[in-house]
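K.L.:
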Amino acid sequence: MLDVTDQLIIDKNNGVGRITFDNQQRRNALTYEMWCGLPIVLDDFAKDDSVRVIVLAGAGGKAFSAGADISQFAKNRSGEDAVAIYNQAVAEATQALVGADKPLIAQIDGFCVGGGLGVAMCCDLRIAASNSRFAVPAAKLGLGYKLDGLKILVQQVGPSAAKEIFFTARQFDADEAFAMGLINRVVAPGDVAAYVDNYAKTIAGNAPLTVLAAKTVIGEILKDPIERDLDLCQKVVDDCFASEDYKEGRQAFMEKRTPEFKGR
Numbered sequence: 331m332l333d334v335t336d337q338l339i340i341d342k343n344n345g346v347g348r349i350t351f352d353n354q355q356r357r358n359a360l361t362y363e364m365w366c367g368l369p370i371v372l373d374d375f376a377k378d379d380s381v382r383v384i385v386l387a388g389a390g391g392k393a394f395s396a397g398a399d400i401s402q403f404a405k406n407r408s409g410e411d412a413v414a415i416y417n418q419a420v421a422e423a424t425q426a427l428v429g430a431d432k433p434l435i436a437q438i439d440g441f442c443v444g445g446g447l448g449v450a451m452c453c454d455l456r457i458a459a460s461n462s463r464f465a466v467p468a469a470k471l472g473l474g475y476k477l478d479g480l481k482i483l484v485q486q487v488g489p490s491a492a493k494e495i496f497f498t499a500r501q502f503d504a505d506e507a508f509a510m511g512l513i514n515r516v517v518a519p520g521d522v523a524a525y526v527d528n529y530a531k532t533i534a535g536n537a538p539l540t541v542l543a544a545k546t547v548i549g550e551i552l553k554d555p556i557e558r559d560l561d562l563c564q565k566v567v568d569d570c571f572a573s574e575d576y577k578e579g580r581q582a583f584m585e586k587r588t589p590e591f592k593g594r
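Here the working numbering is used: the sequence shown runs in plain steps of one and ends on residue 594.
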């Protein structure tokens, strides 16, 4: 099994690749080593055909992630060069999440704050325990957010809710987060892991090329019209209709059985 840092627990099982943030003494705050490790793990999952869905979670049941580990800032963000190196690691991790071809699910159990919420927003789906808490405390720290980070949030919740999140810097509970579109599902405390596991297995059992096509086309729709790759949109659809899985899906439907998709 891939081992990049002991603060990222990696697992593959039943079509699901799992990344668990394990920095429990700091509410799973993201260290420099964790930022660096994320692209490596995601690249491994991307190359592994047995992995069809990726789940990100926090260890301990008290936090998904409380954001960046500020205890490292004196070392890793002191001086212009150090800041540039740290920011590059964060940027590469973010791009790896946003650019992942396979569906990403954030399993949120507890605090999901700042950079931790940023990671969750990079996922396709977010499922949270009802006692989870969400916040972007940038205005309490004097931080500024770049366009790319804010764009993802605005796309999810709209400009008005995004302004409330940033202007107030307050914590939102799971019901508020669900109402504004920040998360997809609210689950009873203690049930979120089992719920996400079943949810991920459901997606993993579907035709991978169809899931990829949907993710790709939706991603292109969210881009500015001038930036959309219409040829790519057509290609991923054509790939579905030319695939063995399309034949298998039709055959299974006629035979009234569960299809066995291969991703080709």
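By construction, the Cβ of each residue, glycine as well, lies at the ideal position given by its N, Cα and C atoms. Since this is a predicted model, take the numbers as computed values, not measurements.
Less than 7 Å between the C-beta atoms of Arg357 and Phe441, yes or no?
P.N.:
yes
K.L.:
Ordered along the chain, which non-local residues of its own chain (more than five positions away) have a Cβ less than 6 Å from that of Ile370?
P.N.:
Val334
K.L.:
Rank Leu338, Asp341, Gly345 by C-alpha distance to the C-alpha of Asn536 and give the top, closest one.
P.N.:
Gly345
K.L.:
Quick one: measure Cβ to Cβ for Ala468 and Tyr475, integer angstroms, because I've assumed they're closer than 8 Å.
P.N.:
Indeed, because the Cβ distance is near 6 Å, the residues count as touching under 8 Å.
K.L.:
Would you check if the distance between the CB atom of Phe375 and the CB atom of Val381 is smaller than 7 Å?
P.N.:
yes
K.L.:
Alpha carbon to alpha carbon, what distance is there between Leu473 and Glu363?
P.N.:
Cα to Cα, Glu363 sits roughly 22 Å from Leu473.
K.L.:
So Val541 and Ile533 are supposed to be a Cβ contact under 8 Å. How far apart are they, rounded?
P.N.:
7 Å
K.L.:
What are the boundary residues of the beta strand (DSSP E) that Phe464 is part of?
P.N.:
463-465
K.L.:
Run through DSSP, which three-state label would Asn459 get?
P.N.:
The residue you asked about is not Asn; residue 459 is Ala in the sequence shown. It is a strand residue.
K.L.:
Are at least three pairs of beta-carbons, each pair with one atom in the region 386-402 and one in the region 477-493, less than 8 Å apart?
P.N.:
no
K.L.:
Could you work out which residue in Glu574, Glu557, Val413, Leu562 is closest to Ile400 when comparing CA atoms only?
P.N.:
Val413
K.L.:
Of all the options Glu506, Ile457, Val449, Lys432, which has the alpha carbon lying nearest to the alpha carbon of Leu480?
P.N.:
Val449
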